[in-house]
Amino acid sequence: MHAALCTTLLLVLHVSSSRASGDNWAVIVSSSRYWLNYRHSSNAFGVYQAIRRLGIPDSNIILMVSEQPACSPRNVYAAQLYMSPGGGNTSSTSPLNLLSSDAEVDYRGRDVSVDSVLRVLTGHHLAGTPASKRLRSGPGSRVLLYLTGHGGDEFLKFHDEEELLAADLASAVHQMAAGGRYGELLLVADTCQASTLYRQIDAPNMLAVASSKLGKSSYAHGYIDPVVGQHLVDQISLHLHTFLWRLPPHPAAPAALTHPTDGGGSGGGRRAHGRRKSGGGGPSMQELISYITGQQLASEIEVQAERSPRRLGAIPVTDFFGAAADQLPTKHATADPVSMRSAAALTQLAQQDGEQSGSQQQQQQQHGKAEAQCSTPVQTEQQWQEVPLFELLQAAGATVNSAQGQRHATEAAAVAAAWAVAVALSRLLLFRRWK
(Lines of atoms letter the chains of each structure in order from A and count residues from 1; the text may use other names and numbers.)
(Lines give C-alpha, C1' and ligand atoms only; values in the text may rest on other atoms or scores of the structure.)
Protein backbone atom coordinates (compact mmCIF):
# COMPACT_ATOMS: atom_id res chain seq x y z
CA MET A 1 0.00 0.00 0.00
CA HIS A 2 2.85 2.33 0.92
CA ALA A 3 4.71 1.67 -2.33
CA ALA A 4 1.55 1.98 -4.41
CA LEU A 5 0.84 5.41 -2.91
CA CYS A 6 4.36 6.60 -3.72
CA THR A 7 4.08 5.31 -7.26
CA THR A 8 0.76 7.09 -7.73
CA LEU A 9 2.16 10.39 -6.47
CA LEU A 10 5.15 10.05 -8.79
CA LEU A 11 2.82 9.36 -11.70
CA VAL A 12 0.82 12.51 -10.89
CA LEU A 13 4.00 14.60 -10.84
CA HIS A 14 5.13 13.05 -14.13
CA VAL A 15 1.80 13.73 -15.83
CA SER A 16 1.77 17.33 -14.55
CA SER A 17 5.26 17.87 -15.89
CA SER A 18 4.42 16.34 -19.29
CA ARG A 19 1.31 18.48 -19.61
CA ALA A 20 3.37 21.58 -19.04
CA SER A 21 5.87 20.72 -21.78
CA GLY A 22 3.62 21.20 -24.81
CA ASP A 23 3.34 17.53 -25.80
CA ASN A 24 1.48 16.17 -28.82
CA TRP A 25 -1.32 13.61 -28.72
CA ALA A 26 -3.42 11.80 -31.31
CA VAL A 27 -6.77 9.98 -31.33
CA ILE A 28 -7.20 7.89 -34.48
CA VAL A 29 -10.62 6.33 -35.12
CA SER A 30 -11.77 3.90 -37.83
CA SER A 31 -15.47 3.28 -37.26
CA SER A 32 -16.22 0.69 -39.97
CA ARG A 33 -16.37 -3.08 -39.69
CA TYR A 34 -16.35 -5.88 -42.27
CA TRP A 35 -13.92 -6.89 -44.99
CA LEU A 36 -15.45 -4.62 -47.62
CA ASN A 37 -14.26 -1.61 -45.56
CA TYR A 38 -10.60 -2.63 -45.83
CA ARG A 39 -9.67 0.90 -46.85
CA HIS A 40 -10.92 2.51 -43.64
CA SER A 41 -8.58 0.40 -41.51
CA SER A 42 -5.81 1.19 -43.98
CA ASN A 43 -6.59 4.91 -43.61
CA ALA A 44 -6.23 4.72 -39.84
CA PHE A 45 -3.09 2.59 -39.75
CA GLY A 46 -1.51 4.80 -42.42
CA VAL A 47 -1.90 7.91 -40.29
CA TYR A 48 -0.87 5.98 -37.19
CA GLN A 49 2.42 4.77 -38.66
CA ALA A 50 3.15 8.16 -40.26
CA ILE A 51 2.89 10.10 -37.00
CA ARG A 52 4.91 7.46 -35.14
CA ARG A 53 7.59 7.88 -37.78
CA LEU A 54 7.57 11.65 -37.18
CA GLY A 55 8.07 11.33 -33.44
CA ILE A 56 4.76 10.85 -31.61
CA PRO A 57 5.23 7.84 -29.31
CA ASP A 58 2.66 5.09 -28.85
CA SER A 59 2.07 6.30 -25.31
CA ASN A 60 0.56 9.49 -26.79
CA ILE A 61 -1.60 7.77 -29.43
CA ILE A 62 -5.05 6.32 -28.87
CA LEU A 63 -5.70 3.94 -31.79
CA MET A 64 -9.32 2.80 -32.20
CA VAL A 65 -9.93 0.30 -35.02
CA SER A 66 -13.28 -1.42 -35.52
CA GLU A 67 -11.99 -4.02 -37.98
CA GLN A 68 -8.66 -5.76 -38.56
CA PRO A 69 -8.66 -6.87 -42.22
CA ALA A 70 -5.09 -8.11 -41.80
CA CYS A 71 -6.53 -10.91 -39.68
CA SER A 72 -9.35 -11.80 -42.08
CA PRO A 73 -9.21 -15.25 -43.74
CA ARG A 74 -9.97 -13.44 -47.00
CA ASN A 75 -6.68 -11.55 -46.83
CA VAL A 76 -4.16 -13.20 -49.17
CA TYR A 77 -1.39 -11.30 -47.36
CA ALA A 78 -1.84 -12.74 -43.89
CA ALA A 79 -1.24 -10.24 -41.06
CA GLN A 80 -0.33 -7.53 -43.60
CA LEU A 81 -2.05 -4.32 -44.64
CA TYR A 82 -1.27 -2.17 -47.68
CA MET A 83 -2.24 1.18 -49.14
CA SER A 84 -1.18 0.48 -52.73
CA PRO A 85 -0.98 -2.56 -55.06
CA GLY A 86 2.03 -4.82 -55.09
CA GLY A 87 1.92 -5.96 -51.48
CA GLY A 88 3.86 -9.04 -50.48
CA ASN A 89 6.89 -8.24 -52.67
CA THR A 90 10.35 -8.39 -51.15
CA SER A 91 11.99 -5.66 -53.24
CA SER A 92 13.22 -2.44 -51.63
CA THR A 93 10.66 -0.45 -53.62
CA SER A 94 7.65 -2.52 -52.58
CA PRO A 95 4.75 -0.75 -50.83
CA LEU A 96 4.97 -0.31 -47.11
CA ASN A 97 3.27 -2.99 -45.03
CA LEU A 98 1.41 -0.85 -42.50
CA LEU A 99 1.91 -3.58 -39.91
CA SER A 100 5.65 -4.04 -40.51
CA SER A 101 6.25 -2.30 -37.20
CA ASP A 102 4.49 -3.19 -33.95
CA ALA A 103 1.10 -1.53 -33.74
CA GLU A 104 -0.55 -0.96 -30.37
CA VAL A 105 -4.32 -1.01 -30.80
CA ASP A 106 -5.99 0.47 -27.73
CA TYR A 107 -9.63 -0.14 -28.72
CA ARG A 108 -10.69 -2.80 -31.21
CA GLY A 109 -13.85 -4.43 -32.49
CA ARG A 110 -16.92 -3.71 -30.37
CA ASP A 111 -14.83 -1.61 -27.99
CA VAL A 112 -14.81 1.06 -30.70
CA SER A 113 -18.15 2.81 -30.22
CA VAL A 114 -19.69 6.25 -29.95
CA ASP A 115 -19.55 5.92 -26.17
CA SER A 116 -15.87 4.97 -26.05
CA VAL A 117 -14.83 7.77 -28.42
CA LEU A 118 -16.68 10.39 -26.36
CA ARG A 119 -15.17 9.01 -23.16
CA VAL A 120 -11.66 9.20 -24.60
CA LEU A 121 -12.16 12.81 -25.68
CA THR A 122 -13.81 14.05 -22.49
CA GLY A 123 -11.88 11.88 -20.03
CA HIS A 124 -15.05 10.53 -18.40
CA HIS A 125 -13.87 6.93 -18.23
CA LEU A 126 -15.32 3.99 -16.39
CA ALA A 127 -13.55 2.98 -13.20
CA GLY A 128 -10.57 0.74 -13.86
CA THR A 129 -9.81 2.05 -17.37
CA PRO A 130 -6.01 1.73 -17.77
CA ALA A 131 -3.86 4.77 -18.44
CA SER A 132 -2.97 3.43 -21.89
CA LYS A 133 -6.58 3.88 -22.97
CA ARG A 134 -6.86 7.46 -21.73
CA LEU A 135 -6.10 10.73 -23.49
CA ARG A 136 -3.87 12.34 -20.84
CA SER A 137 -3.43 15.65 -22.62
CA GLY A 138 -3.43 19.05 -20.94
CA PRO A 139 -3.72 22.78 -21.62
CA GLY A 140 -0.29 22.81 -23.27
CA SER A 141 -1.00 19.90 -25.62
CA ARG A 142 -1.68 19.80 -29.33
CA VAL A 143 -4.22 17.10 -30.12
CA LEU A 144 -4.87 15.44 -33.49
CA LEU A 145 -8.32 13.87 -33.89
CA TYR A 146 -8.56 11.74 -37.03
CA LEU A 147 -11.90 10.16 -38.03
CA THR A 148 -12.57 7.81 -40.94
CA GLY A 149 -15.52 5.65 -41.91
CA HIS A 150 -18.95 5.99 -43.51
CA GLY A 151 -20.77 9.22 -42.77
CA GLY A 152 -23.42 11.63 -43.87
CA ASP A 153 -24.97 14.96 -42.95
CA GLU A 154 -23.75 15.54 -39.36
CA PHE A 155 -23.06 11.90 -38.48
CA LEU A 156 -20.39 9.18 -38.59
CA LYS A 157 -21.53 5.55 -38.55
CA PHE A 158 -20.11 2.94 -36.18
CA HIS A 159 -20.50 -0.75 -37.10
CA ASP A 160 -23.49 0.19 -39.28
CA GLU A 161 -25.48 0.24 -36.03
CA GLU A 162 -25.02 3.60 -34.28
CA GLU A 163 -23.96 7.12 -35.19
CA LEU A 164 -21.70 9.75 -33.74
CA LEU A 165 -23.68 12.97 -34.22
CA ALA A 166 -22.14 16.36 -34.90
CA ALA A 167 -23.89 17.69 -31.79
CA ASP A 168 -22.24 15.00 -29.63
CA LEU A 169 -18.83 15.72 -31.12
CA ALA A 170 -19.31 19.45 -30.55
CA SER A 171 -20.26 18.85 -26.94
CA ALA A 172 -17.18 16.67 -26.40
CA VAL A 173 -14.84 19.27 -27.91
CA HIS A 174 -16.43 22.01 -25.79
CA GLN A 175 -15.83 19.89 -22.69
CA MET A 176 -12.23 19.37 -23.76
CA ALA A 177 -11.73 23.12 -24.12
CA ALA A 178 -13.40 23.88 -20.78
CA GLY A 179 -11.42 21.16 -19.02
CA GLY A 180 -8.06 22.25 -20.38
CA ARG A 181 -7.55 19.05 -22.37
CA TYR A 182 -5.87 20.75 -25.32
CA GLY A 183 -4.03 23.90 -26.30
CA GLU A 184 -4.72 23.47 -30.01
CA LEU A 185 -6.89 20.87 -31.73
CA LEU A 186 -6.74 19.58 -35.30
CA LEU A 187 -9.74 17.60 -36.56
CA VAL A 188 -9.25 15.59 -39.76
CA ALA A 189 -12.35 13.81 -41.10
CA ASP A 190 -12.20 11.47 -44.11
CA THR A 191 -15.80 10.48 -44.76
CA CYS A 192 -18.73 11.50 -46.91
CA GLN A 193 -20.02 15.00 -46.06
CA ALA A 194 -17.14 15.26 -43.62
CA SER A 195 -17.36 19.02 -43.13
CA THR A 196 -20.74 18.65 -41.43
CA LEU A 197 -19.10 16.85 -38.49
CA TYR A 198 -17.60 20.09 -37.17
CA ARG A 199 -20.47 22.36 -38.21
CA GLN A 200 -21.62 22.83 -34.60
CA ILE A 201 -18.18 23.20 -32.99
CA ASP A 202 -17.36 26.72 -31.85
CA ALA A 203 -14.60 25.87 -29.37
CA PRO A 204 -11.43 28.00 -29.48
CA ASN A 205 -8.05 27.08 -30.95
CA MET A 206 -9.40 24.50 -33.37
CA LEU A 207 -8.41 23.74 -36.95
CA ALA A 208 -10.44 21.33 -39.10
CA VAL A 209 -9.80 19.59 -42.43
CA ALA A 210 -12.58 17.66 -44.17
CA SER A 211 -12.35 15.37 -47.19
CA SER A 212 -15.74 16.47 -48.54
CA LYS A 213 -18.35 19.19 -48.23
CA LEU A 214 -22.06 19.13 -47.40
CA GLY A 215 -23.94 16.95 -49.88
CA LYS A 216 -20.72 15.57 -51.40
CA SER A 217 -19.13 12.13 -51.13
CA SER A 218 -15.59 11.12 -50.31
CA TYR A 219 -14.04 8.50 -52.57
CA ALA A 220 -11.65 5.57 -52.55
CA HIS A 221 -8.38 5.85 -54.40
CA GLY A 222 -8.01 4.12 -57.77
CA TYR A 223 -9.61 0.82 -58.61
CA ILE A 224 -10.32 -2.34 -56.68
CA ASP A 225 -7.07 -4.20 -56.12
CA PRO A 226 -7.18 -7.41 -58.21
CA VAL A 227 -5.38 -9.44 -55.54
CA VAL A 228 -6.98 -8.15 -52.35
CA GLY A 229 -10.38 -7.70 -54.00
CA GLN A 230 -11.13 -4.39 -52.28
CA HIS A 231 -10.20 -0.72 -52.49
CA LEU A 232 -7.04 -0.29 -50.42
CA VAL A 233 -7.29 3.32 -49.26
CA ASP A 234 -9.29 6.54 -49.59
CA GLN A 235 -7.98 9.43 -51.63
CA ILE A 236 -7.45 12.06 -48.94
CA SER A 237 -5.87 9.66 -46.46
CA LEU A 238 -3.52 8.33 -49.13
CA HIS A 239 -2.23 11.77 -50.08
CA LEU A 240 -1.96 12.77 -46.41
CA HIS A 241 0.10 9.67 -45.71
CA THR A 242 2.26 10.21 -48.81
CA PHE A 243 3.04 13.82 -47.84
CA LEU A 244 3.95 12.87 -44.27
CA TRP A 245 6.07 9.93 -45.41
CA ARG A 246 8.22 12.20 -47.57
CA LEU A 247 9.39 14.05 -44.49
CA PRO A 248 12.58 12.84 -42.79
CA PRO A 249 11.87 10.51 -39.86
CA HIS A 250 12.28 11.61 -36.27
CA PRO A 251 15.48 10.42 -34.52
CA ALA A 252 13.36 8.37 -32.10
CA ALA A 253 11.22 6.73 -34.82
CA PRO A 254 11.02 2.90 -34.86
CA ALA A 255 13.65 1.44 -37.18
CA ALA A 256 11.03 -0.46 -39.18
CA LEU A 257 9.46 2.86 -40.20
CA THR A 258 12.62 4.51 -41.49
CA HIS A 259 13.55 2.25 -44.41
CA PRO A 260 13.24 3.75 -47.93
CA THR A 261 9.92 2.59 -49.38
CA ASP A 262 7.31 4.60 -51.22
CA GLY A 263 5.27 4.70 -48.01
CA GLY A 264 2.30 3.19 -49.75
CA GLY A 265 1.82 6.35 -51.76
CA SER A 266 1.07 6.80 -55.40
CA GLY A 267 4.65 7.68 -56.25
CA GLY A 268 6.19 10.79 -57.70
CA GLY A 269 7.82 13.76 -56.08
CA ARG A 270 11.10 14.22 -54.26
CA ARG A 271 11.62 12.55 -50.94
CA ALA A 272 13.41 14.23 -48.07
CA HIS A 273 16.01 11.65 -47.03
CA GLY A 274 17.76 11.29 -43.72
CA ARG A 275 16.53 11.87 -40.20
CA ARG A 276 14.85 15.07 -39.15
CA LYS A 277 16.81 17.21 -36.77
CA SER A 278 15.22 17.97 -33.44
CA GLY A 279 13.71 21.43 -33.45
CA GLY A 280 13.26 21.74 -37.24
CA GLY A 281 10.05 23.40 -38.40
CA GLY A 282 9.57 21.67 -41.76
CA PRO A 283 6.66 22.27 -44.15
CA SER A 284 3.54 24.07 -42.98
CA MET A 285 -0.09 23.04 -42.87
CA GLN A 286 -0.68 25.35 -45.83
CA GLU A 287 1.82 23.32 -47.86
CA LEU A 288 0.06 20.12 -46.84
CA ILE A 289 -3.34 21.48 -47.92
CA SER A 290 -1.89 22.74 -51.20
CA TYR A 291 -0.32 19.34 -51.87
CA ILE A 292 -3.59 17.48 -51.29
CA THR A 293 -5.70 19.88 -53.33
CA GLY A 294 -3.14 19.64 -56.14
CA GLN A 295 -3.91 15.93 -56.61
CA GLN A 296 -6.61 14.49 -58.84
CA LEU A 297 -9.47 14.24 -56.37
CA ALA A 298 -13.06 13.23 -56.92
CA SER A 299 -14.10 15.32 -53.91
CA GLU A 300 -13.37 18.86 -52.74
CA ILE A 301 -11.78 19.28 -49.33
CA GLU A 302 -12.80 21.99 -46.90
CA VAL A 303 -10.63 23.71 -44.31
CA GLN A 304 -11.92 25.62 -41.31
CA ALA A 305 -9.19 27.82 -39.86
CA GLU A 306 -11.22 30.71 -38.45
CA ARG A 307 -10.80 29.49 -34.87
CA SER A 308 -7.14 28.60 -35.17
CA PRO A 309 -4.83 30.97 -33.26
CA ARG A 310 -2.27 30.77 -36.08
CA ARG A 311 -2.29 31.08 -39.85
CA LEU A 312 -1.97 27.85 -41.84
CA GLY A 313 1.35 29.01 -43.21
CA ALA A 314 2.69 29.51 -39.68
CA ILE A 315 1.75 26.03 -38.42
CA PRO A 316 4.42 23.38 -39.01
CA VAL A 317 2.93 20.03 -40.03
CA THR A 318 4.82 18.33 -37.22
CA ASP A 319 3.00 20.49 -34.67
CA PHE A 320 0.16 17.97 -35.01
CA PHE A 321 1.55 15.04 -37.01
CA GLY A 322 4.89 14.70 -35.25
CA ALA A 323 7.06 15.79 -32.36
CA ALA A 324 6.51 19.53 -32.03
CA ALA A 325 9.47 21.81 -32.65
CA ASP A 326 8.40 24.28 -29.97
CA GLN A 327 6.26 24.37 -26.84
CA LEU A 328 3.00 26.04 -26.06
CA PRO A 329 3.27 28.63 -23.29
CA THR A 330 1.98 27.47 -19.90
CA LYS A 331 2.14 28.85 -16.40
CA HIS A 332 4.13 25.94 -15.02
CA ALA A 333 6.67 25.25 -17.72
CA THR A 334 9.33 24.34 -15.15
CA ALA A 335 9.08 22.49 -11.88
CA ASP A 336 9.67 24.49 -8.73
CA PRO A 337 12.37 23.40 -6.24
CA VAL A 338 9.78 22.09 -3.77
CA SER A 339 8.27 19.82 -6.38
CA MET A 340 11.73 18.63 -7.40
CA ARG A 341 12.66 17.81 -3.79
CA SER A 342 9.30 16.10 -3.27
CA ALA A 343 9.82 14.00 -6.37
CA ALA A 344 13.31 13.00 -5.24
CA ALA A 345 12.05 12.03 -1.78
CA LEU A 346 9.20 10.02 -3.23
CA THR A 347 11.58 8.27 -5.61
CA GLN A 348 13.87 7.25 -2.76
CA LEU A 349 10.91 6.07 -0.70
CA ALA A 350 9.46 4.07 -3.56
CA GLN A 351 12.80 2.36 -4.23
CA GLN A 352 12.69 0.85 -0.75
CA ASP A 353 9.79 -1.29 -1.91
CA GLY A 354 11.06 -1.50 -5.48
CA GLU A 355 10.11 -5.03 -6.36
CA GLN A 356 6.50 -4.73 -5.26
CA SER A 357 5.84 -1.28 -6.70
CA GLY A 358 7.72 -2.12 -9.91
CA SER A 359 5.57 -5.18 -10.43
CA GLN A 360 2.37 -3.22 -9.88
CA GLN A 361 3.46 -0.42 -12.21
CA GLN A 362 4.44 -2.89 -14.94
CA GLN A 363 1.06 -4.62 -14.73
CA GLN A 364 -0.73 -1.28 -14.94
CA GLN A 365 1.25 -0.23 -18.01
CA GLN A 366 0.73 -3.52 -19.81
CA HIS A 367 -2.97 -3.82 -19.02
CA GLY A 368 -5.16 -2.87 -21.97
CA LYS A 369 -2.24 -2.21 -24.35
CA ALA A 370 -2.16 -5.05 -26.88
CA GLU A 371 -0.25 -5.44 -30.12
CA ALA A 372 -2.18 -5.63 -33.38
CA GLN A 373 -2.20 -9.41 -33.50
CA CYS A 374 -4.85 -11.74 -34.86
CA SER A 375 -6.30 -12.94 -31.57
CA THR A 376 -9.40 -12.25 -29.53
CA PRO A 377 -8.60 -10.59 -26.18
CA VAL A 378 -9.79 -12.40 -23.06
CA GLN A 379 -12.34 -10.39 -21.11
CA THR A 380 -11.90 -10.11 -17.37
CA GLU A 381 -14.72 -10.01 -14.85
CA GLN A 382 -14.42 -6.23 -14.65
CA GLN A 383 -14.60 -5.93 -18.44
CA TRP A 384 -17.76 -8.06 -18.44
CA GLN A 385 -19.37 -5.51 -16.14
CA GLU A 386 -18.58 -2.70 -18.59
CA VAL A 387 -20.01 -4.42 -21.67
CA PRO A 388 -23.48 -3.20 -22.78
CA LEU A 389 -26.37 -5.38 -21.69
CA PHE A 390 -27.29 -6.66 -25.14
CA GLU A 391 -23.73 -7.88 -25.68
CA LEU A 392 -23.73 -9.58 -22.29
CA LEU A 393 -26.90 -11.43 -23.24
CA GLN A 394 -25.46 -12.48 -26.59
CA ALA A 395 -22.21 -13.65 -25.03
CA ALA A 396 -24.04 -15.47 -22.25
CA GLY A 397 -26.24 -17.20 -24.81
CA ALA A 398 -23.20 -18.28 -26.79
CA THR A 399 -21.57 -19.66 -23.63
CA VAL A 400 -24.69 -21.61 -22.68
CA ASN A 401 -25.02 -23.01 -26.17
CA SER A 402 -21.40 -24.11 -26.12
CA ALA A 403 -21.72 -25.75 -22.70
CA GLN A 404 -25.02 -27.47 -23.49
CA GLY A 405 -24.27 -28.31 -27.10
CA GLN A 406 -23.67 -31.99 -26.46
CA ARG A 407 -26.85 -32.37 -24.39
CA HIS A 408 -28.92 -30.62 -27.07
CA ALA A 409 -27.46 -32.89 -29.73
CA THR A 410 -28.34 -35.97 -27.67
CA GLU A 411 -31.90 -34.76 -27.14
CA ALA A 412 -32.29 -34.03 -30.84
CA ALA A 413 -31.07 -37.50 -31.75
CA ALA A 414 -33.52 -39.07 -29.28
CA VAL A 415 -36.43 -37.08 -30.68
CA ALA A 416 -35.48 -38.06 -34.23
CA ALA A 417 -35.30 -41.72 -33.26
CA ALA A 418 -38.71 -41.56 -31.57
CA TRP A 419 -40.25 -40.02 -34.66
CA ALA A 420 -38.70 -42.71 -36.84
CA VAL A 421 -40.18 -45.46 -34.64
CA ALA A 422 -43.61 -43.76 -34.63
CA VAL A 423 -43.64 -43.45 -38.42
CA ALA A 424 -42.66 -47.13 -38.82
CA LEU A 425 -45.41 -48.30 -36.48
CA SER A 426 -47.99 -46.13 -38.23
CA ARG A 427 -47.09 -47.55 -41.60
CA LEU A 428 -47.27 -51.11 -40.22
CA LEU A 429 -50.74 -50.58 -38.74
CA LEU A 430 -52.06 -48.97 -41.94
CA PHE A 431 -50.65 -51.82 -44.03
CA ARG A 432 -52.37 -54.47 -41.90
CA ARG A 433 -55.70 -52.59 -41.93
CA TRP A 434 -55.85 -52.32 -45.69
CA LYS A 435 -54.72 -55.90 -46.11
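Under mature numbering (1 follows the signal peptide of the UniProt record, and there is no 0), read the sequence shown as residues -20 to -1, 1 to 415, first letter to last. Quick reminder that beta carbons are idealized off the backbone N, C-alpha and C, glycines included. Since the structure is predicted, the reported quantities are computational estimates derived from the model, not experimental observations.
Determine, using beta carbons only, whether residue i and residue j come nearer to each other than 8 Å.
i: L212; j: R19; result: yes
i: D3; j: S121; result: yes
i: A183; j: L177; result: no
i: V153; j: V283; result: no
i: M44; j: V97; result: yes
i: E47; j: N77; result: no
i: V94; j: L144; result: yes
i: M186; j: S264; result: no
i: L227; j: G262; result: yes
i: P65; j: D205; result: yes
i: S81; j: L237; result: yes
Quick check: the Cα distance between residue i and residue j, rounded to an integer number of angstroms?
i: G195; j: Q173; result: 6 Å
i: L167; j: R54; result: 33 Å
i: M156; j: L101; result: 7 Å
i: V85; j: N23; result: 14 Å
i: A396; j: S406; result: 15 Å
i: P75; j: Q60; result: 11 Å
i: S1; j: Y203; result: With a pLDDT of only 39 at S1, under 50, the local geometry of the prediction cannot be trusted, and the value read off the model is given with reservation. Cα to Cα, the separation comes out at about 45 Å.
i: D91; j: R179; result: 27 Å
i: W15; j: G89; result: 13 Å
i: P234; j: N40; result: 15 Å
i: A58; j: Y87; result: 21 Å
i: S112; j: P229; result: 24 Å
i: L410; j: E142; result: 60 Å
Can you check which of these residues, the options, is closest to residue i by C-alpha distance?
i: F223; options: L124, E134, V27, S151; result: V27
i: V207; options: S22, Y62, A400; result: Y62
i: H130; options: P65, Q60, I36, S21; result: S21
i: I295; options: I272, Q266, G302, Q276; result: Q266
i: A83; options: S279, T171, Y271, I31; result: I31
i: R116; options: V7, A150, L409, R90; result: V7
i: K137; options: G293, R13, P228; result: R13
i: L165; options: F25, S11, R290, W15; result: R290
i: L79; options: L127, F25, I41; result: F25
i: G274; options: N40, N185, Q215, V297; result: Q215
i: S217; options: P229, G118, Y199; result: Y199
i: R114; options: R99, L125, T128; result: R99
i: H139; options: S11, Q48, A107, P119; result: S11
i: S175; options: W399, G209, A402, G132; result: G132
i: V297; options: R161, S270, E286, D205; result: S270
i: G159; options: A400, G103, R287; result: G103
i: S299; options: Q29, V9, G35; result: Residue identity check: residue 299 is Asp in the sequence provided, not Ser. The shortest Cα separation from D299 among Q29, V9, G35 belongs to G35.
i: I181; options: S192, P231, A150; result: A150
i: A278; options: L106, S191, P49; result: S191
i: P119; options: R161, E142, G108; result: R161
i: V56; options: S197, A398, Q210; result: Q210
For residue i, count neighbouring C-beta atoms within 10 Å of its own C-beta (all shown protein chains included) and say buried if the count is 16 or more, exposed if not.
i: G163; result: buried
i: G302; result: buried
i: Q276; result: exposed
i: H201; result: buried
i: E280; result: exposed
i: I42; result: buried
i: E134; result: buried
i: L220; result: buried
i: A225; result: A quick correction: the sequence has Trp, not Ala, at residue 225. Buried is the call here.
i: L127; result: buried
i: V5; result: In the sequence as presented, Val is not what sits at residue 5; that position holds Trp. It is buried - the Cβ of W5 has at least 16 other Cβ atoms within 10 Å.
i: A147; result: exposed
i: V401; result: exposed
i: V9; result: buried
i: A232; result: exposed
i: L408; result: exposed
Handout entry: Ranges of the beta strand (DSSP E) found wholly within the region 111 to 165, counting only runs of at least 3
Key = 122 to 128, 135 to 138, 142 to 145
Practice task
At 4 residues or longer, and completely inside the region 167 to 228: list those alpha helix (DSSP H) runs for me, N to C.
Solution key: 215 to 225
Problem - 3-residue-minimum beta strand (DSSP E) runs that sit fully inside the region 1 to 54, ordered along the chain - result: 4 to 10, 41 to 45
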